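Have a look at the structure below, then the notes.
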């Protein structure tokens, strides 16, 4: 029997409401790029120790805050109906709103925010207590991915509600989110862009790494429901690559062009020097039949429309309606959950998506209505990312 997504979500909401994520992100005084570039050389990988880092707490936080939307059906979502008695459509109206995972920012309690802040500080402390560059390459990469994503989630949460995170400004004069100094490691103030483009991209040759960075918006790679670690890194990055490449966010077809995400253009200096040839070859490695057929058409690549709207279940909108429910696991009654109407609308669309996938037999052979059709488990793969 098909299990209603409402049953799944009510269980998740019950767990989430009892949890927590994010207080203020103090920005450090910015150094000029010229001043910081030499300092960043200290983060060049030089593995020499076998120390391993434990991300169990981040695992638990992510599993409570991330809702998985599963693989794209490669169909743009239609315009949602406006709010009753209004021409306005609160919440998500993006044609890509049923792709990529979502963070339930609107449901964060102050306690949950505090846990996220505490954990981000712990990650920063680790980077100041040990020399990250001496860890194995997979340990280093997992650390930088988790730190980047924790910073992104923390910063959005403390500034919530926000429709498009990339527009957030910090300091005077205002510095955009990507370039604001959010953390200091070994005396070096770092931005999100620093972590991506000045630490990871120059020192890891495999373009798989670009799929590990959560951008806070729908257009980028999905946030995982588990932390990256040295033992799951390869499998999880490949999973994210496959989801993204085969979504409309990654590749779409036009009359005279093949539109690809702007993240490939951003990563071009490190991974795609012969852009058309290299990007097509990279995408082909993870493409399923639909996207492979698109690549077979000899058309030039073009930068596609990037969706900057927040990857939030409520679409960056506060306010909701109170519901009393019976928890399916405990049998407790009168559990009060404040659910934004934008969430209930999106979840109904998500349920329709799952029903459509089942009708098309897209998940043939998998258990229906279970988490496996949302975010399947991967076997551990300790392959080192070059």
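Numbering (mature numbering (1 follows the signal peptide of the UniProt record, and there is no 0)), first residue to last: -23 to -1, 1 to 363.
Where is the CB? At the ideal position from N, CA and C, for every residue including glycine.
Just so it is clear, the structure is predicted and the values come from calculations on it, not from any experiment.
In this structure, the CA atom of residue 278 is about 6 Å from the CA atom of residue 234. Taken in chain order, the stretch 181 to 211 contains no complete beta strand (DSSP E) segment of 3 residues or longer. By the Cβ neighbour-count rule, residue 150 is exposed, with fewer than 16 other Cβ atoms within 10 Å of its own.
A direct Cα-Cα distance of roughly 19 Å separates residue 248 from residue 216. The Cβ-Cβ distance between residue 319 and residue 292 falls below 7 Å. Residue pairing for residue 162: DSSP places it in a beta bridge opposite 165. Residue 177 sits buried, since 16 or more C-beta atoms from the chains shown fall within 10 Å of its C-beta. Excluding the 5 residues flanking it on each side, residue 186 has same chain C-beta neighbours closer than 6 Å at 177, in chain order. Inter-residue distance for residue 260 and residue 27 is about 34 Å (C-alpha atoms, whole angstroms). With distances taken between CA atoms, residue 121 lies nearest to 167 out of 82, 223, 167, 83. Residue nearest to residue 221 within the set 51, 71, 130, 33 is 51 (criterion: CA-CA distance).
Residue 221 sits in a helix when the DSSP states are folded into three classes. One Cα belongs to residue 281, the other to residue 184, and the distance between them is close to 19 Å. Residue 284 places its beta carbon 7 Å or farther from that of residue 56. Beta-bridge partners assigned by DSSP to residue 44: 79.
With a cutoff of 7 Å on beta-carbon distance, residue 104 and residue 162 are scored as near each other.
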